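0 is the number of the first residue of the sequence shown in numbering that gives the first Met the number 0; add one for each residue after it.
In what follows, a single structure is set out as structure tokens and then discussed.
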Amino acid sequence: MKIKHLPLIIGALTVLFLSSFIALYPNGAPAAVTGSPGDGSDCTQCHGGTATTVAGWITSNIPASGYVPGQTYQITATNSITGSGKYGFEVSPQNAAGSQLGTLAVGSGTKLVGGTKYITHSNATSSLKTWTFNWTAPAAGTGDVTFYGSFARSHPGPVRLSTLVVNEQTATLPAAAGPITGPSSVCSGNSFNYSVGSINGATSYTWSVPTGATISSGQGTTSITVNFSASASSGNVSVYGSNTAGNGTPSSLPVTVSSAPSQPSAIAGTATPCTGTTQSYAVTNVSGVTYTWTVPSGSSISSGQGTNSITVAVGSNSGSVTAVPSNSCGNGTSVSKALTVSSIPSAAATPTGPDQVDIRTTSSSSYATTGAAGATSYVWDLSPANAGSISGTSTSATVTWDGAFMGDASISVKSVNACGDGTWSLVKMTHVINTTGVNVIDVSKVRVYPNPSYGHFTLELNGDKETALLLIMDASGKEVYKATVNDKGLNSLDLSLETGVYIMMINEETRVLKQKLFIQ
0 MKIKHLPLII
10 GALTVLFLSS
20 FIALYPNGAP
30 AAVTGSPGDG
40 SDCTQCHGGT
50 ATTVAGWITS
60 NIPASGYVPG
70 QTYQITATNS
80 ITGSGKYGFE
90 VSPQNAAGSQ
100 LGTLAVGSGT
110 KLVGGTKYIT
120 HSNATSSLKT
130 WTFNWTAPAA
140 GTGDVTFYGS
150 FARSHPGPVR
160 LSTLVVNEQT
170 ATLPAAAGPI
180 TGPSSVCSGN
190 SFNYSVGSIN
200 GATSYTWSVP
210 TGATISSGQG
220 TTSITVNFSA
230 SASSGNVSVY
240 GSNTAGNGTP
250 SSLPVTVSSA
260 PSQPSAIAGT
270 ATPCTGTTQS
280 YAVTNVSGVT
290 YTWTVPSGSS
300 ISSGQGTNSI
310 TVAVGSNSGS
320 VTAVPSNSCG
330 NGTSVSKALT
340 VSSIPSAAAT
350 PTGPDQVDIR
360 TTSSSSYATT
370 GAAGATSYVW
380 DLSPANAGSI
390 SGTSTSATVT
400 WDGAFMGDAS
410 ISVKSVNACG
420 DGTWSLVKMT
430 HVINTTGVNV
440 IDVSKVRVYP
450 NPSYGHFTLE
460 LNGDKETALL
470 LIMDASGKEV
480 YKATVNDKGL
490 NSLDLSLETG
500 VYIMMINEET
510 RVLKQKLFIQ
């Protein structure tokens, strides 16, 4: 009976034994189970069965040309066993004798065992079947490196062995890049060519350009075309050669990027110059910028062309003064200032006003002129000065007569504006008399005949002066005739006047003789 149940007992013990191994390593395999010649064992000691060799379960980013000593690469281990359960792995880089080659560094879900020689899962799960970690290649001269890996599924589960062999890269880096040929000063908005001599050992060329610049053609070759946009900055144009061993030492050319100048500041200077004057106009100076100026037709630039400040001889035409900035990269946006050119005003018209004034009855008189083109005000003049005073700054003025003055007074006016004074007008003459205290002789002392007449009169005077001033006014007081007559004796008058009544006045300095004239 006991012998009959022996197989069952042995089977149960086996299951218990194998399950105990799983319980011993839930967080990673023990060291030295990669199946490498140096390890001499694999995961079958825990999971049972026979290990099967598969290809491609260990991959890397190491180039086909091989690893470069001292470089760090990414290694990926993938457990492709199917079915349910928990999955794990162990990988180690070794030579045929089992010595560790290079240095392992843990990644997510991994840990190191056996010092740093082995890397395994840190926690077996049913979902995680791919692990990634880093490896730093060993020193030069190491030669080929084999990554040995063992992959398993929880008991009972199959075991798979996979390897990855990488060789040491024997190629050398390209030589250092030589000098770059091309302009070191450029203007934005344009394209320029740059080149470098062939680099020994290079199979391709990598160029870089300043911010805002782009390589429009030639990347990967010894010659490129670079477009410098309007926003491009100064910086380096650089290139290095590459091959399977890596990148060579780069060469750089510093490039200064310039652009056409910006619009100048507002033009300083008067906007309302006067014809014939000299004026200055200027903008804020910018180093390296030349300024080209234009002025209205008829004006000319006396000095300063090409600079930020000019002197202008102002002509008679209005228009604009304009400055165009330029440098080695071209013209910038211009700035202009509108000019309204003025000139001195035209002459004022001859004043109008009374021809004769008797200051006994009239202490002041008004005079006027028509407006002069361009005038903003007027200056009036009364001569002689002892005739009185004149006031007014517009087209009208008032004369206040001096009570002691008698004789002829002249009134003239000139127009004025910001550019100067116009010429004086023609003179308006006013005869000033003063009958205050004067002996006005009775008309019986004056003989005029025939009266009335058709304009032909004989005037007989018996004064004590050689001559006297004869004035004839119409009914409104307007002077219509003026002459110097013989104060003693006969005078013949031939008057071409309209029919009507007129007043004749004879001024003998100390007396005034008055007489009515009637013309038929």
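Backbone N, C-alpha and C define an ideal beta-carbon position, used for all residues, glycine too.
Note that this is a predicted model, so its numbers are computed, not measured.
For A104, the three-state DSSP class (helix, strand or coil): strand
For A176 and T124, the rounded distance between their alpha carbons: 52 Å
Neighbourhood of K128 by C-beta, 7 Å cutoff - its chain only, sequence neighbours within 5 removed: T77, N78, Y86
Start-to-end residues for the alpha helix (DSSP H) that takes in H46: 43-46
According to DSSP, residues forming a beta bridge with Q278: V311
Validate contact between the region 325-338 and the region 251-265 using beta carbons, cut 8 Å, 3 pairs: yes
The region 346-357 touching the region 301-312, judged by at least three CB pairs closer than 8 Å: no
Boundaries (first-last residue) of the beta strand (DSSP E) holding Y239: 234-242
Touch test, the region 421-434 against the region 352-364, Cβ-Cβ under 8 Å, three pairs minimum: yes
Minimum C-alpha distance to L103 - residue among A95, T115, G156, T109: T115
Residue nearest to A231 in terms of C-alpha spacing, selected from Y280, V112, P324, S258: S258
Sequence ranges, beta strand (DSSP E) only - wholly within the region 104-180, length at least 3: 109-112, 117-120, 129-135, 144-152, 158-165
Endpoints, the beta strand (DSSP E) within which L338 is located: 334-338
Given 8 Å, three or more beta-carbon pairs between the region 193-207 and the region 277-284: no
C-alpha distance - L469 paired with S345, whole-angstrom precision: 37 Å
Rounded straight-line distance, which links the Cα of I118 to that of L111: 4 Å
A267 in three-state terms, based on DSSP: strand
Environment of L160 [buried if 16+ CB atoms lie within 10 Å]: buried
Beta-carbon contacts of N316 that lie in its chain and below 8 Å, excluding the five residues immediately before and after: P295, S296, G297, S298, V340
For A201, the nearest candidate out of L496, A482, A174 (CA to CA): A174
Beta-carbon separation (whole angstroms), I74 vs F132, contact threshold 8 Å: 6 Å
Sheet register partners of N246 (DSSP bridge): S241
Cut-off 7 Å between Cβ atoms - residues of its own chain near S197, not counting five sequence neighbours on either side: T221
Nearest-angstrom beta carbon gap, V144 and L172 [assumed within contact, 8 Å]: Not really, about 21 Å apart at Cβ, beyond 8 Å.
contact_flag[the region 452-467, the region 410-419] where n(CB pairs < 8 Å) is 3 or more: no
CA-to-CA distance, S327 to G287, given in whole angstroms: 9 Å
Proximal residues to V164 (C-beta, below 7 Å), its chain only, five neighbours per side dropped: D143, T145
Beta-ladder partner(s) of K487, from DSSP: N461
Residue interval of the beta strand (DSSP E) (run including L494): No beta strand (DSSP E) holds L494; DSSP gives it neither H nor E.
Exposure label - I505; buried when at least 16 CB within 10 Å: buried
Through-space distance from G499 to Q514, alpha-carbon basis: 14 Å
Reduced DSSP category for D441 - H, G, I as helix; E, B as strand; rest coil: Residue placement at D441 is flagged as unreliable, the pLDDT there being 49, under the threshold of 50; the coordinate-derived value follows with that caveat. In the structure shown, D441 sits in coil (DSSP, three-state: anything other than H, G, I, E or B).
Residue environment, E497, which counts as buried when at least 16 other CB atoms sit within 10 Å: exposed
Residue environment, S216, which counts as buried when at least 16 other CB atoms sit within 10 Å: exposed
Residue environment, I223, which counts as buried when at least 16 other CB atoms sit within 10 Å: buried
Candidates W56, A170, A96: closest to G247 by CA position: A170
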